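Under our numbering, the sequence shown has 129 at position 129, and the numbering climbs by one with no breaks.
All C-beta atoms, glycine included, are put in the ideal place defined by N, C-alpha and C.
A quick note: this is a predicted structure, and the numbers were derived from the prediction, not measured.
Have a look at the structure below, then the notes.
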Amino acid sequence: MVRSSLGLACIIGWSRTASEGCPDCGLCCERVHDRYQRRVRDLPLGGRAVVITLLVRRFICDNRRCARRTFAERFTRLTNPYARCTRRLGAWLEVIGLAVAGRAGARLAKSFGIAAGRMTFLRRVMSCPILSAGCRGSLASMISPPVAELRTPL
């Protein structure tokens with residue numbers, strides 16, 4: 001279901017599967033313990049900010065040997081666990097952060113319709129897996145390595 005108002009597009013989504021596998025023991029469980037809403041941001045659509053509201057179910061693990069009693073269903077193709085943005089938006093933030101970072105990144109993102117502060121881009125750059133551990137000390141040291149070192153092998 002999609003709603004649009006005041007420059008914001010709200011998408012409401014839920015999983016259509018009847019069961020979910022426990023992340024610890026792998027047992028497929030169908031008993032629902034609770035439900036809650038999770039909101040994640042996505043790339044802009046037609047100049048409007050997009051917020052996806054996911055209706056998430058918490059399942060009860062029926063395996064008595066499993067230490068986890070309840071667990072939430074995961075939307076791994078859409079977002080990472082605990083993330084507040086989709087994988088697509090996260091990739092854009094990472095690319096913009098690696099290109100210009102900081103305030104320039106925030107201005108560039110705003111021109112694309114993405115609302116993000118300068119620290120968001122700096123955090124993305126600092127947590128980027130393609131940078132070697134020695135390059136994470138300061139922004140000046142991130143600029144010094146050749147571009148070939150920043151590329152990951154395919």
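Buried versus exposed call for residue 42 [16 or more other C-beta atoms within 10 Å across all chains shown]: Within the sequence shown, numbered from 1, the residue matching residue 42 stands at position 42. Note on residue 42: 16 or more other CB atoms within 10 angstroms of its CB, so buried under the neighbour-count rule.
Nearest-angstrom Cα separation, counted from residue 13 out to residue 3: Locating residue 3 in the sequence shown gives position 3, where the first residue counts as 1. Locating residue 13 in the sequence shown gives position 13, where the first residue counts as 1. Between the C-alpha atoms of residue 3 and residue 13 there is a straight-line separation of about 12 Å.
Burial state of residue 147, where buried means 16 or more other Cβ atoms lie within 10 Å: Within the sequence shown, residue 147 is the residue found at index 147, counting from 1. Unreliable placement is indicated for residue 147, whose pLDDT of 45 sits below 50; the coordinate value is still reported in the next sentence. With fewer than 16 Cβ atoms within 10 Å of its Cβ, residue 147 is classed as exposed.
Cβ-based neighbour list, residue 67, same chain, cut-off 8 Å, excluding 5 preceding and 5 following: Position 67 of the sequence shown, counting from 1, holds the residue named residue 67. The beta carbon of residue 67 is closer than 8 Å to those of 24 in its chain, skipping five residues each way along the sequence.
Secondary structure of residue 53, DSSP reduced to three states: Here residue 53 refers to the residue found at position 53 of the sequence shown. In the structure shown, the three-state DSSP call for residue 53 is strand.
Outcome for residue 18 when other beta-carbon atoms lying within 10 angstroms are tallied against a minimum of 16: As a first step, residue 18 must be located in the sequence shown, where it is residue number 18. The residue is exposed, with fewer than 16 neighbouring Cβ atoms inside 10 Å.
Beta bridge counterpart(s) of residue 114 as assigned by DSSP: Along the sequence shown, one-based indexing puts residue 114 at 114. Partner residues in a beta bridge of residue 114, as assigned by DSSP, do not exist.
Inter-residue spacing [alpha-carbon to alpha-carbon] between residue 10 and residue 57: The residue given as residue 10 occupies position 10 in the sequence shown. The residue given as residue 57 occupies position 57 in the sequence shown. Those two C-alpha atoms are separated by around 20 Å.
Simplified DSSP state of residue 67, which is helix, strand or coil: Residue numbering aside, residue 67 sits at position 67 when the sequence shown is read from its first letter. Residue 67 sits in coil when the DSSP states are folded into three classes, being neither helix nor strand.
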